[in-house]
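Residue numbers (numbering that gives the first Met the number 0): 0 to 246.
Below is one structure, written out as structure tokens; the observations come after it.
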Amino acid sequence: MSGARPATDHVLDHPALASLTGPHAHFAERHGRILRYPVDVSPWLALPEEPDAGDWADLAALAGPGGEVPLLGFRGSVPEDWEVTFAVDGVQFVDDGLAAAPDPEAVRLGPADVPEMLDLVARTRPGPFRPRTIEMGTYLGIRRDGALVAMAGERLHPPGWTEISAVCTDPACRGQGLATRLILAVAHGIRERGETPFLHTGAQNTGAIRLYESLGFRLRRRTAFLTARAPEHLTAGTDDRPAVPVA
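Rendered as structure tokens:
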């Protein structure tokens, strides 16, 4: 299909595209050559390798006038009428000897836990987490006195790989190793399926990088986290077709 990644690339070079054309294809919505998750699941989307003017017009139609879209790993140039509103270098790490293991205090989180999860994310800001993000994979949490104080889970799912994401701990409970325990517990579940854990973080997040390396993650590649704002007025020729599920 037109959204397929180049055959010479590794699936982790385009993790959102590989997810949406692979294990997460049931989530995929298509608008022209753009693939995306439903907005209440995840903001991530996938552009063609070399987007043309029509692709940018389709993306602008998805975003809406003045809307912002994340462009995970995009290294090209955005059109002149788009505005880059956020850009930071990122890094991608892969499992290279994690001591993955279940955790006796970790509990499986479900739909009833989403309000607490959203509250914890709002206070700790680990990255995008939406009302249906929990559907992307397994999420584990640790509770103290009944309150959710730490969590971690699964996000992007390229074939053979699963991303660990939403790792966060309530500020009052930091320094107790809860994040480490949950990372290893989530990684254990991924390994049990015969897959390999990976994750992303900002290149300047030196504390997280030290933690991941100490646990047994290896730097695989450098990437980029980019957010761009669509033009306030959509360009001529852009239509208003809704995104549709991929057949």
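Ideal Cβ positions, reconstructed from N, Cα and C, are used throughout, including at glycine.
Since we're looking at a predicted model, the values are computed, not measured.
Among the residues of its own chain, which have a CB less than 7 Å from the CB of A15, if the five just before and after it don't count?
W43, L44, A45, L71, L155
Answer yes if the region 118-132 comes into contact with the region 150-167, meaning at least three C-beta pairs across the two stretches below 8 Å, and no otherwise.
yes
Using a Cβ-Cβ distance under 8 Å, would G176 count as near chain B?
The structure shown contains no chain B, having only a single protein chain.
Taking just the CA atoms, how far does E67 sit from L97?
36 Å
Let's see if you can read the secondary structure: which residues bound the beta strand (DSSP E) around H199?
195-201
Does the region 120-127 touch the region 96-110, meaning 3 or more C-beta pairs lie closer than 8 Å?
no
Is it right to say A121 is buried, meaning 16 or more other beta carbons lie within 10 angstroms of its own, or is it exposed?
exposed
Opposite F224 in the DSSP bridges: which residues?
V87
Within the region 39-67, note down every full alpha helix (DSSP H) run reaching 4 residues or more, in order along the chain.
52-62
Residue of E191, L58, G109, A207 minimising C-alpha distance to P47:
L58
C-alpha distance - A52 paired with R74, whole-angstrom precision
16 Å
From the DSSP output, in three-state form, read off F216 for me.
strand
Please specify which runs of the beta strand (DSSP E), each continuous and at least 3 residues long, are wholly inside the region 96-170, giving them in chain order.
138-143, 146-153, 160-168
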